[in-house]
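Residues are numbered in our numbering as their position in the sequence shown, beginning at 1, plus a constant of 8.
Every residue, glycine too, gets a C-beta built ideally from N, C-alpha and C.
Predicted model, so just to flag it, every value in this text is computed and none were measured.
What follows is a single structure, written as structure tokens, with notes after it.
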Amino acid sequence: MFSFNPDRSQYPAEGPDGKLEVDLETGKFLKLWHGPNHPGITGNMALEVTINGDEVVEAKTRVGYLHRGFEKLMERRTFIQVFPIVCRICVPEPDFNEYCYAAAVEELAGIEVPE
9 MFSFNPDRSQ YPAEGPDGKL EVDLETGKFL KLWHGPNHPG ITGNMALEVT INGDEVVEAK
69 TRVGYLHRGF EKLMERRTFI QVFPIVCRIC VPEPDFNEYC YAAAVEELAG IEVPE
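As structure tokens, then:
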């Protein structure tokens, strides 16, 4: 672990001939993470791919995974202050989340809404 910010030019990713050297005989695998995508894109997911050279050894998906820190944003706010944040959970359908949050607050507070 570095205790400072290293100069990346001192640690080249390529070998002396300009090619990336990968030793396939060691049995060491490389894990690559792809995602999560932008919040506005439907079908959010994260993909963890384990590869050995050009061969995909394993692929794990986390469908719907998108961390926005929503719980942390809510910690020190009143239930009224959370309403604008609720829209950010799902950008394409903010109304549904607002309705669910409002219904939950009403039920927890024992508020009966007239029809």
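message: Between the alpha carbons of Val-64 and Trp-41, how many angstroms are there, rounded?
response: 13 Å
query: To which residues of the same chain is Lys-68 closer than 6 Å at the C-beta, ignoring the five residues directly before and after it?
result: Sequence-distant partners of Lys-68 (beyond 5 residues in either direction) whose C-beta falls short of 6 Å from its own C-beta, in its chain, are Glu-56.
field: Cβ pair Phe-78, Val-113 closer than 8 Å
entry: The answer is no: Cβ separation not under 8 Å.
- request: Apply the 10 Å Cβ neighbour rule to Val-94 and answer buried if 16 or more other Cβ atoms are within range, or exposed otherwise.
  value: buried
message: Taking the straight line between their C-alpha atoms, what separation do you get for Gly-118 and Gly-43?
response: 41 Å
message: Alpha carbons only, please: which of Lys-80, Glu-101, Glu-106 is nearest the one belonging to Pro-92?
response: Glu-106
task: Please name the residue in Glu-66, Val-71, Asp-62 whose C-alpha comes closest to that of Met-53.
output: Val-71
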